[in-house]
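These notes are about the structure you will find just below.
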Amino acid sequence: MRSNTSTTAIELAVLWSGLQPIASREALHTAPLLYDYARASGMDNAYWTSHHMLFANSRLYVQDLPTNKQCGATDLDPLADIDLGGRDDLLTARVERDIMELKEPSWAWSTTATPMSPTGSIRTTRPSSPRSRTRAERERGLSELLQERRLPPGQDHR
Numbered sequence: 003m004r005s006n007t008s009t010t011a012i013e014l015a016v017l018w019s020g021l022q023p024i025a026s027r028e029a030l031h032t033a034p035l036l037y038d039y040a041r042a043s044g045m046d047n048a049y050w051t052s053h054h055m056l057f058a059n060s061r062l063y064v065q066d067l068p069t070n071k072q073c074g075a076t077d078l079d080p081l082a083d084i085d086l087g088g089r090d091d092l093l094t095a096r097v098e099r100d101i102m103e104l105k106e107p108s109w110a111w112s113t114t115a116t117p118m119s120p121t122g123s124i125r126t127t128r129p130s131s132p133r134s135r136t137r138a139e140r141e142r143g144l145s146e147l148l149q150e151r152r153l154p155p156g157q158d159h160r
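Remember, the working numbering sits 2 above the position in the sequence shown when you count from 1.
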């Protein structure tokens, strides 16, 4: 999947949950996200951005994501500007390093502070490794996640 957008709570919620942008705040904050599904299925996953996590309180939306790897602008440069974010070349270097530590199969998301003109491309070659969990174990984990995130009867995530 590829999306050329800025990092906003609505953008992230829509792309990561599949909900519409007009969904209620409660739905956007309680719907299972791709990261939840990845973790429940036993996949390593990551979120990297060169956006500053204090901008629009983005940190509050991503701080509890069940990721194996995660970074924001101040992880790349402690003096990163709140409006401009971190340098995209630093993000690219971080992703190239971290992605090699994820077990296959994995799922990852990277977004640059300047989505209209990214300054780097990520090149990796990774050996594929078999998963240690069986399909039944991954499905059981997913089922438990869905039960945990289920809304009371009569409500849905729209």
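Built from N, CA and C at the ideal position, the CB exists for glycine as well.
Every value quoted in this text rests on a predicted model; they were computed, and no experiment measured them.
For S112, which residues in the same chain have their Cβ closer than 6 Å to its Cβ, ignoring the five residues on either side in sequence?
So the list reads W50 and V97, once near-sequence residues are dropped.
Delimiting residues of the alpha helix (DSSP H) encompassing S60
Annotation for S60: the continuous alpha helix (DSSP H) segment containing it runs S60 to V64.
Euclidean distance between Cα positions of D100 and D85:
Each residue's alpha carbon lies about 25 Å from the other.
Could you say which of D66, H54, A58 and A75 lies nearest to D38 if we only look at CA atoms?
Taking only the C-alpha atoms, the option nearest D38 is D66.
Among the residues of its own chain, which have a CB less than 6 Å from the CB of R61, if the five just before and after it don't count?
Only residues of its own chain outside the window of five on either side were considered, and among them M55 have a CB closer than 6 Å to the CB of R61, listed in chain order.
Euclidean distance between Cα positions of A29 and L21
Across the structure, A29 and L21 are spaced so that their CA atoms are roughly 8 Å apart.
DSSP on T94, reduced to helix/strand/coil?
If DSSP states are grouped into helix, strand and coil, T94 belongs with the helices.
Please identify the residue among L78, D91, G44 and L93 whose C-alpha is closest to the C-alpha of P107.
Nearest to P107 by C-alpha distance, out of L78, D91, G44 and L93, is G44.
How many Å lie between P23 and G88 at the Cα?
In this structure, the CA atom of P23 is about 27 Å from the CA atom of G88.
If you reduce the DSSP assignment to three classes, tell me which class A48 lands in.
Correct three-state label for A48: strand.
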